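Peer 1: Quick one: structure below, then a few questions.
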Amino acid sequence: MESGAMIKAVCFDFGGVLVRIARSWEEACRRAGLEPEPLAGPESDMIRAVGPAAELQTGRIEFEEFIERSHQEGPNTPDRTQLRAVHAGWLIEEFPGMDDIIDRLNALGIHTASLSNTDAEHWKTLRMMNSVSRLRSQILSFETGCRKPDPAIYHAAEDLMDIPGSSILLLDDLQENVEGALRCGWQASLIDPHEPVGEQAREALLTHGVPLDTS
């Protein structure tokens with residue numbers, strides 16, 4: 027068991043922890059039924075969002091403005107309908123077993139929450155998912171106006187849950203977000219979305235003093 031305060035809350039990232047997502051522009055295009063070539067993907071990276079995607083994820087622009095600006099980024103960019111399909115195709119499916127982990131944490135009296143860089147359009151789909159709907163709180167970048175690893179979003183989560191960072195565990199698939207949490211005094215574990223996520227989550231919880239009954 028790692029040293030640290032008793033865990034009172036566990037925050038889950040969406041993409042790569044609760045939900046399998048496309049990890050590249052090419053994968054998202056193919057899931058939308060499009061060939062990525064000769065389409066030139068916009069510079070916006072939905073894993074580490076920049077440009078219009080970052081503004082969308084912080085609520086600074088609406089989805090249709092994001093589509094319009096992405097469409098205008100350069101020659102051979104997808105048309106607006108294609109961009110909407112690619113954006114929707116980024117969300118693939120829930121990782122198996124994560125809903126059960128959340129149920130067990132809730133039963134233990136541990137506060138469960140999301141802490142995710144996402145946008146209002148993706149949220150329409152995410153909020154209907156079994157694992158996501160089981161969470162007690164939702165801390166979403168497009169609502170807070172800031173994104174991980176900005177310290178402001180971690181502090182917003184502390185305020186919303188009324189729990190000190192030292193008692194919060196973050197499960198995230200990006201190293202920079204884990205490091206951001208650690209700098210804010212949180213506990214955190216990196217999840218590899220290419221390996222069994224449920225097993226990693228259980229191991230991380232056990233490491234931080236939260237064994238889950240597997241009976």
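Numbering (the working numbering), first residue to last: 27 to 241. All C-beta atoms, glycine included, are put in the ideal place defined by N, C-alpha and C. Here the structure is a predicted model, which means the values were calculated and not measured.
Quick one: what's got a C-beta closer than 6 Å to residue 92's C-beta in the same chain, skipping five residues either side?
Peer 2: The residues are 78 and 82.
Peer 1: When you compare each of 86, 194 and 237 to residue 169 by their alpha carbons, which one comes out closest?
Peer 2: Nearest option by C-alpha distance: 86.
Peer 1: Between residue 166 and residue 128, is the Cβ-Cβ spacing less than 8 Å?
Peer 2: Going by beta carbons, residue 166 and residue 128 fall outside the 8 Å limit.
Peer 1: Does the pairing of the region 127 to 143 with the region 97 to 117 give three or more beta-carbon distances under 8 Å?
Peer 2: no
Peer 1: In whole angstroms, what is the alpha-carbon distance linking residue 178 and residue 107?
Peer 2: Going by C-alpha positions, residue 178 is about 34 Å away from residue 107.
Peer 1: In three-state terms, what does DSSP make of residue 35?
Peer 2: strand
Peer 1: Between which two residues does the alpha helix (DSSP H) carrying residue 207 extend?
Peer 2: 201 to 209
Peer 1: When burial is assigned at 16 or more other CB atoms within 10 Å of the CB, is residue 184 buried or exposed?
Peer 2: Here residue 184 is buried. Its C-beta has 16 or more other C-beta atoms within 10 Å.
Peer 1: What residues in its chain sit with their C-beta under 7 Å from that of residue 224, if we drop five residues either side in the sequence?
Peer 2: Cβ within range, chain order: 121, 122, 123, 124 and 127.
Peer 1: With DSSP as the reference, identify every bridge partner of residue 120, one or two as the case may be.
Peer 2: 45
Peer 1: Name the DSSP bridge partner or partners of residue 164?
Peer 2: 140
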